[in-house]
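Asks: If you're matching positions, the sequence shown starts at 31 in our numbering and goes up one per residue.
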Amino acid sequence: MRKLENSELDRKSIEDFKESEKTPLILVLDDIRSLHNIGSVFRTADAFLIEKIILCGITATPPNKEIHKTALGATETVAWEHHENVLEVIENLKKENILTLAIEQVESAVFLQDFKVTKNQKYALVFGNEVYGVAQEAVALCDGCIEIPQLGTKHSLNISVSAGIVVWDLFQKLNWPE
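(1) Assuming Glu160 and Ile189 make a contact with CB atoms under 8 Å, what is their CB distance in whole Å?
(2) Are the stretch 135–145 and the stretch 45–64 touching by the rule of at least three beta carbon pairs closer than 8 Å?
(3) In whole angstroms, what is the alpha-carbon distance linking Ala101 and Leu65?
(4) With Leu79 as the anchor, note down where its alpha helix (DSSP H) starts and where it stops.
(5) Hey, quick one: how far does the alpha helix (DSSP H) through Ala168 stretch, first residue to last?
(6) DSSP on Val161, reduced to helix/strand/coil?
(7) Leaving aside the five residues before and after Ile56 along the sequence, list all residues of the same chain whose C-beta is less than 6 Å from its C-beta, in chain order.
(8) Counting C-beta neighbours from all protein chains within 10 Å, is the total for Gly103 16 or more, i.e. buried, or is it exposed?
(9) Return the chain-ordered list of same chain residues with a C-beta closer than 7 Å to the C-beta of Thr53, the five sequence neighbours on each side being excluded.
Take a look at the structure:
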């Protein structure tokens, strides 16, 4: 087994990325404090051809050298926008018939492994602050909640890790249904 060189990976150009059909996922990041988390989510969004990232509240925006450290250029490929109020964002997404899902531990949440995707449905995944998670008001507005099962002593994951897990799971369910 031989590790592949970057030149062998057949990566898309920025133009090819922008013209590619996107995965019908929108990532909503609300009040994310860590610039490294923001950059990491951009990089994950690039890897899975995510349609767009919506940055809300205090979440920093590109260009920013600390975001760039982990995004590694993904802020140039992934579409993004910033809005102050996550509640308005959720309301607008719902008006566009986009299913809004908070990624949070709540009553009646669907465990990620049990969540079923619907063909031709676009999803918005709402991720919250590193300390407080998704605000209760945002949870209440969403169409539903997905919970990542956790079996250890901790009750939370880093937001960029959570985003990676959920994006991968939905990406593979959308692209390779059983």
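By construction, the Cβ of each residue, glycine as well, lies at the ideal position given by its N, Cα and C atoms.
Replies: Working from what's here:
(1) 6 Å
(2) no
(3) 10 Å
(4) Element bounds for Leu79: n/a, residue is neither H nor E.
(5) Gln166 to Leu171
(6) coil
(7) Glu81, Lys82 and Ala154
(8) exposed
(9) Phe78, Leu79, Ile80, Glu81, Phe201 and Leu204
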